[in-house]
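S.K.:
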Amino acid sequence: MDHKKIEEKWQNYWYSNNLFKAEDFSSKPKYYCLIEFPYPSGAGMHVGHVRAFSGLEVVSRKRRMEGYNVLFPIGFDAFGLPTENFAIKNNIHPRIVTDNNVSNFKKQLKKCGFSFDFDRAVDTTQESYYHWTQFIFLHLYNKGLAYRSHTYVNYCPTCKVVLSNEESQGGVCDRCGSDVIQKEKDVWFLRITKYAQDLLDGLKGLNASDRIKIEQENWIGRSEGAFIDFKLKQKDDKFTVFTTRPDTLFGAMFMVIAPEHPLIEKYASSITNIDEVNKYKEAATHKTEFERVQLQKDKTGVKLEGISAINPVNGRELPIYISDYVMMGYGTGAIMAVPAHDTRDYAFAKKFNIPMMEVIEGGDITKEAYTDIENGILVNSDFLNGLSVKEAKAKMIEFLVEKGLGDKAVNYKMKDWAFNRQRYWGEPIPIIYCPNCGTVPVPYEDLPVRLPNIKNFEPGENGESPLASLKEFYECTCPKCGAKARRETDTMPQWAGSSWYFLRYCDPNNDHAIADYEKMKYWLPVDWYNGGMEHVTRHLIYSRFWNEFLYDEGLVPVKEPYKKRTAQGLILGPDGEKMSKSKGNVIDPLDVVDEYGADVLRCYILFISDYEMATPWNSDAIKGCARFLDKVEALSSKVNVNDNEYTKDLKVLINNTIKEVSEDIESSKFNTGISKLMILTNAFTERESISLKDYETLLKLLNPYCPHMAEELWHNYHEETIQFAEYPKYDPASLLSDTVTVVVSVNGKLRDKMEVERDLADDVIKEKALSLDKIKPYTLNGVKKVIVIKNKLVNIVV
RNA sequence: GCGGGUAUGGCGGAACUGGUAGACGCGCAAGAUUUAGGAUCUUGUACUGAGAGGUGUGCAGGUUCAAGUCCUGUUACCCGCACCA
3 MDHKKIEEKW QNYWYSNNLF KAEDFSSKPK YYCLIEFPYP SGAGMHVGHV
53 RAFSGLEVVS RKRRMEGYNV LFPIGFDAFG LPTENFAIKN NIHPRIVTDN
103 NVSNFKKQLK KCGFSFDFDR AVDTTQESYY HWTQFIFLHL YNKGLAYRSH
153 TYVNYCPTCK VVLSNEESQG GVCDRCGSDV IQKEKDVWFL RITKYAQDLL
203 DGLKGLNASD RIKIEQENWI GRSEGAFIDF KLKQKDDKFT VFTTRPDTLF
253 GAMFMVIAPE HPLIEKYASS ITNIDEVNKY KEAATHKTEF ERVQLQKDKT
303 GVKLEGISAI NPVNGRELPI YISDYVMMGY GTGAIMAVPA HDTRDYAFAK
353 KFNIPMMEVI EGGDITKEAY TDIENGILVN SDFLNGLSVK EAKAKMIEFL
403 VEKGLGDKAV NYKMKDWAFN RQRYWGEPIP IIYCPNCGTV PVPYEDLPVR
453 LPNIKNFEPG ENGESPLASL KEFYECTCPK CGAKARRETD TMPQWAGSSW
503 YFLRYCDPNN DHAIADYEKM KYWLPVDWYN GGMEHVTRHL IYSRFWNEFL
553 YDEGLVPVKE PYKKRTAQGL ILGPDGEKMS KSKGNVIDPL DVVDEYGADV
603 LRCYILFISD YEMATPWNSD AIKGCARFLD KVEALSSKVN VNDNEYTKDL
653 KVLINNTIKE VSEDIESSKF NTGISKLMIL TNAFTERESI SLKDYETLLK
703 LLNPYCPHMA EELWHNYHEE TIQFAEYPKY DPASLLSDTV TVVVSVNGKL
753 RDKMEVERDL ADDVIKEKAL SLDKIKPYTL NGVKKVIVIK NKLVNIVV
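For the first sequence, our numbering assigns the number 3 to the initial residue and increments by one for each residue that follows.
1) Please give me, in chain order, every unbroken run of the alpha helix (DSSP H) with length at least 4 that falls completely inside the segment 362 to 444.
2) Over the uninterrupted alpha helix (DSSP H) stretch that includes E217, give me the two end residues.
3) Taking E319 as part of the alpha helix (DSSP H), name the residues at either end of that continuous run.
4) Do you know how far the Cα of N220 is from the Cα of A45?
5) Can you find at least 3 beta carbon pairs, one from the segment 32 to 41 and one from the segment 64 to 81, that sit closer than 8 Å?
6) With the cut-off set at 8 Å, would you say S659 and L608 are in Cβ contact?
7) Over the uninterrupted beta strand (DSSP E) stretch that includes M257, give me the two end residues.
8) Looking only at its chain, what residues have a beta carbon closer than 8 Å to the beta carbon of T741, apart from the 5 residues adjacent to it on each side?
9) Under the rule that 16 or more other beta-carbon atoms within 10 Å means buried, what is G82, buried or exposed?
10) Can you give me the C-alpha to C-alpha distance between S117 and W12, rounded to a whole angstrom?
11) Does DSSP put S616 in a helix, a strand or coil?
12) How many angstroms separate the CA atom of D200 from the CA atom of I789?
13) What's the gap between the Cα of N209 and the Cα of L542?
14) Name the two residues that bound the continuous alpha helix (DSSP H) containing Q199.
15) Check for me: the beta strand (DSSP E) holding L795 runs from which residue to which?
16) Using three-state DSSP, classify W502 as helix, strand or coil.
17) Does DSSP classify A470 as helix, strand or coil?
18) Using a 10 Å radius around the Cβ and a threshold of 16 neighbouring Cβ atoms, would you call L652 buried or exposed?
19) What's the call for G253, buried or exposed, on a 16-neighbour Cβ count within 10 Å?
20) Can you tell me where the beta strand (DSSP E) holding F244 begins and where it ends?
21) Near F191, what residues of its chain come up, given a Cβ to Cβ distance below 8 Å and the 5 sequence neighbours on each side ignored?
22) Looking at the unbroken beta strand (DSSP E) that takes in V155, where does it start and where does it end?
23) Determine the closest residue to P261 out of D79, A623, L453, V328, with distance taken between C-alpha atoms.
24) With C-beta atoms as the reference, is M416 less than 8 Å away from I222?
25) Could you please give the first and the last residue of the uninterrupted alpha helix (DSSP H) stretch that includes F350?
26) At a cut of 8 Å, does the segment 334 to 342 reach the segment 422 to 429 through at least three beta carbon pairs?
27) For the segment 576 to 596 against the segment 655 to 674, are there 3 or more C-beta pairs whose distance is under 8 Å?
28) Going by DSSP, which residues form a beta bridge with T1?
29) Measuring CB to CB, does M522 end up less than 8 Å from E429?
30) Short of 7 Å in beta carbon distance, which residues of its chain neighbour Y282, apart from the five on each side in sequence? Order them along the chain.
31) Figure out for me which residue from P730, R689, P734, P576 has the closest Cα to the Cα of V654.
32) Any idea which residues DSSP pairs C35 with across the strands?
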């Protein structure tokens, strides 16, 4: 069959008749399938996209056949650096680049026959969309969840842009690979940490693999412990540490504070070696994160001469050090060091010759720190002596609270979200700086703050946004007092637009709200969300944060936006390496569509392996899927159109296939689903003729995977489309065959098989097994025991 | 370092609560058809042995009538986090 002809024919039919339109408030049950919307790069669609979309494509088509009103939308996450860099390099405006890429991407998606509701397509770079991204920012600002703070940030000198920790992992820029440096900047933050606990709690109801949940949990990084106050010996003042091991307080031998800790400045005049301290501090601030990590094992630091702390439980005087192994950004930026029971403190103590004291029995602290919290008994610890670590923790916290020395505490690794970029191609942050009123939010009615159409969008020197040199943009009047004011010229990071797009799909053209509340109430939550493993932390957490916030604002109807989340595995190049242009191992899915057709591409990409596993592409193996579809087509000549019942001896196989193919789709085991369709097809092929009902069942089961072929063949017998034909149901009574193969083994080794009636009594089976010719020789010296597993096996122990 | 995952034929990969290891597909071999090539069809295909049989799921143990599956230890690779107190 000419795949090009039939694919074009049915794609035209589906799209021009709007078959995949999701209907608001339909009385059918709703089902919302969401795939992570793509970034429309110039390279177009990648095989990775095809895999990511094909999974829920199958689910969507199945749901329609099951009578659901399906929302399966598509959109484009189109702001961002690659487009801007391409635009700069080729001197084409990012608007034009984006529009071209989006329209090309849509064309490619349609060539694959994906059943998206294209009418709901969103584009984060359109005014009508970013209006509401800015609207959400204003809500965050007005609730104190967006704030400006002076801090050191990761900065890429090549891209001239501030990077988040995630974008600068390993000390190199995510985008260009240059070394990241630390730069002092005024930065916008979103207070995501306020939602840390909610984000953690919300995971409980999420249907996702442990891998996905644990990764989010680790990213949030909750730990329980205590805040403990330490008095300074020389001053009437104190400072607080966070520790997860309050039980070891008696073993605290020194204190360590981060180089940025305010205590240093506060008591600079009392610190006799302040020059040395400042020198260390200076060096530390200019180290990149990368260098800090590299130097992990080699602890450095300086002792503060002239001030020291007092251990609140035993009065011991504790020297205070500054060291860059303590981070200002975690806990309180200060720790109590217990060298006997913490590996980092141990290394530091060894290097600086600080004595240590064992407070938990069970290890050998002359060799290494003893950190086991499950075993070990407290010693040298006064009222904690003899207790387990767990008991000692509780007792110590009780003691601290009673004496007013500290309190139980919870701490999170997650940090507030740095939310601005000095770039052109992003949403302008809707803030105005007024000489009289200070920072003033743009009034809601003045939104959107339009991204001006400029010619020179190269970043300014010193990492300033290109908008900072555009008078028409930044000159404005204060909405409060009318004075001449200056507009914020930074834009939002790429994560902004993607943090709420799933809401917009419910009502993509609304121009007075992010989406109509009732429509969101109808569609939300997302029933099944699929995307990349790499977005399980950042994007998933950011978008859940925004949704939870908007829920608290009364703007969205559900607290948790996603019910179920899956993550497809990577498709590697034929060489087993990650696909990349430089390695020359990139497979273009459109080439495959051209040669074999969209059905074959979709089928192969799902058949290739377990959906969540990384797997190499194999260009030869595609043929197997092409042959499979040829066989399905060839069957049409065997169909007895007058027979509308299942062929009798195919009944069991067909019913099992319906059950298993359906279940495999629900558990995203698309590969085994296809293999079962192949088995059914092979069984049909072996026969002289099959009934119309047999064949139609196969076509219906095939439709979610290979809809063009299914549709084409279906129309040999029907006027109307197969897309809403009822999905086959199995008859539970027809799943079991009358006879079963029972395996007979001796001492666990397979010796023979026998075909017997189903559900024979154990005694009868045993009898039969023992009388088999192949078995007899083994039982000459007597039988110890016989184990019978009904309908499965007999094991004879001799 | 911590957390998660993976390891099964020549290859991609199947195997539900322990119960026929290798489904399905690729490749390969032989045969049929064909002027040839390609395509298609049939049969075979874990390893080993002439054979009955023996051996096999990274490695070493263990539990069990029975282990790819459970337990203990160990190795390699992949992903994530990373001086998180």
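We put the beta carbon where it would ideally sit given N, CA and C, even for glycine.
M.R.: The structure says:
1) 391 to 405
2) As a working note, residue 217 is residue 215 in the first sequence. 212 to 222 is the extent of the alpha helix (DSSP H) around E217.
3) Translated into the one-based positions of the first sequence, residue 319 becomes position 317. Not the alpha helix (DSSP H): E319 falls in the beta strand (DSSP E), residues 319 to 324.
4) Taking the first sequence and counting its residues from 1, the one referred to as residue 45 is at position 43. Taking the first sequence and counting its residues from 1, the one referred to as residue 220 is at position 218. When rounded, the distance between both Cα atoms is 34 Å.
5) yes
6) Translated into positions along the first sequence, residue 659 becomes position 657. Translated into positions along the first sequence, residue 608 becomes position 606. Note on identity: in this sequence residue 659 is Thr, with Ser being the wrong assignment. It is not a contact, given that the beta carbons lie outside the stated cut-off.
7) For the purposes of this step, residue 257 is taken as residue 255 along the first sequence, with counting starting at 1. That run of the beta strand (DSSP E) goes 256 to 259.
8) The residue labelled residue 741 in the question sits at position 739 within the first sequence. Result list for T741: E757, V758, E759, R760, in chain order.
9) Within the first sequence, the letter at position 80 stands for residue 82. G82 should be labelled buried.
10) Reading the first sequence from its first residue, position 115 is the one you call residue 117. Reading the first sequence from its first residue, position 10 is the one you call residue 12. Rounded to whole angstroms, S117 to W12 spans 12 Å at the Cα level.
11) Here residue 616 corresponds to residue number 614 of the first sequence, with the count starting at 1. The question names Ser, but residue 616 is Ala in the sequence shown. It is coil, neither helix nor strand.
12) For the purposes of this step, residue 200 is identified with residue 198 of the first sequence, where counting begins at 1. For the purposes of this step, residue 789 is identified with residue 787 of the first sequence, where counting begins at 1. Their backbone Cα atoms lie some 53 Å apart in a straight line.
13) The residue given as residue 209 occupies position 207 in the first sequence. The residue given as residue 542 occupies position 540 in the first sequence. Approximately 14 Å, taken between the alpha carbons.
14) For the purposes of this step, residue 199 is identified with residue 197 of the first sequence, where counting begins at 1. Segment 198 to 204, the alpha helix (DSSP H) holding Q199.
15) If you number the first sequence from 1, residue 795 lands on position 793. Start and end: 795 to 799.
16) Start at 1 with the first residue of the first sequence, and residue 502 comes out as number 500. Correct three-state label for W502: coil.
17) Position 468 of the first sequence, counting from 1, holds the residue named residue 470. A470 falls in the helix class under three-state DSSP.
18) Numbered from its first residue, the first sequence carries residue 652 at position 650. A residue is called buried when at least 16 other Cβ atoms come within 10 angstroms of its Cβ; L652 meets this threshold and is buried.
19) Stepping through the first sequence from its first residue, residue 253 is reached at position 251. Buried is the call here.
20) Indexing the first sequence from 1 puts residue 244 at position 242. First-last of the beta strand (DSSP E) with F244: 240 to 245.
21) As a first step, residue 191 is located in the first sequence; it is residue number 189 there, counting from the start. Taken in chain order, the residues that qualify are A148, Y149, R150, S151, D418, W419, A420, F421.
22) Indexing the first sequence from 1 puts residue 155 at position 153. That run of the beta strand (DSSP E) goes 148 to 158.
23) Walking along the first sequence from the start, residue 261 turns up at place 259. That would be V328, whose Cα lies nearest to the Cα of P261.
24) Working through the first sequence from its first residue, we reach residue 416 at position 414. Working through the first sequence from its first residue, we reach residue 222 at position 220. A contact, by the Cβ cut-off of 8 Å.
25) The residue you call residue 350 lines up with position 348 of the first sequence. First-last of the alpha helix (DSSP H) with F350: 345 to 354.
26) no
27) The segment 576 to 596 and the segment 655 to 674 do not touch, with fewer than 3 CB-CB distances between them shorter than 8 Å.
28) No answer is possible for residue 1: the residues shown for the chain start at 3 and end at 800.
29) In the first sequence, counting from the first residue as 1, residue 522 sits at position 520. In the first sequence, counting from the first residue as 1, residue 429 sits at position 427. For M522 and E429, no; Cβs fall outside 8 Å.
30) The sequence position of residue 282 within the first sequence is 280, counting from 1. Within the same chain, Y282 has close Cβ partners P261, V304, I324.
31) In the first sequence, the residue the question calls residue 654 occupies position 652. If we check each option's Cα against that of V654, P734 comes out closest.
32) Here residue 35 is taken as the residue at index 33 of the first sequence, counted from 1. DSSP lists W530 as partners of C35.
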